[in-house]
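From first to last, the protein sequence lines stand for chains X and E.
In the working numbering, each number is its position in the first sequence, counted from 1, plus 9.
The second sequence: position 51 = 38 (the working numbering), numbered continuously.
See below for the structure under consideration.
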Amino acid sequence: EAGVTQFPSHSVIEKGQTVTLRCDPISGHDNLYWYRRVMGKEIKFLLHFVKESKQDESGMPNNRFLAERTGGTYSTLKVQPAELEDSGVYFCASSQDRGSPQHFGDGTRLSIL
Amino acid sequence: GDSVTQMEGPVTLSEEAFLTINCTYTATGYPSLFWYVQYPGEGLQLLLKATKADDKGSNKGFEATYRKETTSFHLEKGSVQVSDSAVYFCALSHNNDMRFGAGTRLTVKP
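Shown next, in the form of structure tokens:
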């Protein structure tokens, strides 16, 4: 089966611009998660979807970040406007059930100049 | 809240050396514990896991034992290879919330 795919693999934008990251979970996985690793620090949870609903968005850093999962399939994470401190690697993961192992994508490396 | 602390890297070893990467956790209740690995240019892959105290997870020659008394889940391998060079993340899952450590970069030299 195809794994979790993320696009783009790398994005370089200027401060103040907008960027949209996309995640395609494994087919049939209702649970979709976004994480971020900034500056070599720990991987931090951003939010969790169950199908199209936001189950937990307690990790979203501020209102410049908007995540959507229309139709309960792929998800997008938009950063608008991007700031320097948003640079990092954004990981997406999916799981079939709560408590099932999460399968991770390769991540999107976001660089804000 | 729940948290994971793992030894800081980077760690550089010669091939066939013994590897230990320390990991301790703080959590209420009984979390599941994991080690994930990120090889260069790839995403996170689950390396091994343990779901209850005294369980030993193992895969690809790596082992880790869930020690409740010391709240630890140290990763070990008896003889590392160049292909083991990667970043290793310790993680816990409690009520389906995952918490990761900061990652430890391992470089194995021939």
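Glycine included, each C-beta is placed from N, C-alpha and C at the ideal position.
Legend entry - 8 Å Cβ cutoff, Gln111 (chain X) in contact with chain E: yes
Legend entry - With 16 other Cβ atoms within 10 Å as the buried cut-off, status of Ala85 (chain E): With the sequence shown as reference, residue 85 (chain E) is identified as Met, and Ala is not the correct amino acid for it. With 16 or more Cβ atoms within 10 Å of its Cβ, Met85 (chain E) is classed as buried.
Legend entry - Those residues which DSSP pairs with Asp98 (chain E) across a bridge: A question about residue 98 (chain E) goes unanswered here, because the residues of chain E that appear run from -12 up to 97.
Legend entry - 8 Å contact criterion, which Asp115 (chain X) and Ser18 (chain X) should meet: CB distance rounded: 6 Å
Inset, instruction - Please list the partners that Phe5 (chain E) has in chain X, where partner means a Cβ-to-Cβ separation under 9 Å. - result: Going along chain X, no residue has its Cβ under 9 Å from Phe5 (chain E), so there is no contact; the nearest lies around 25 Å.
Legend entry - Residue(s) in a DSSP beta bridge with Thr(-8) (chain E): E:Thr11
Legend entry - CB contact flag (Phe76 (chain E), Phe60 (chain E), <8 Å): no
Legend entry - N-terminal and C-terminal residue of the beta strand (DSSP E) that Ile52 (chain X) is part of: 52 to 59
Legend entry - Closest Cα partner of Thr52 (chain E) within the set E:Pro27, E:Trp22, E:Arg92: E:Trp22
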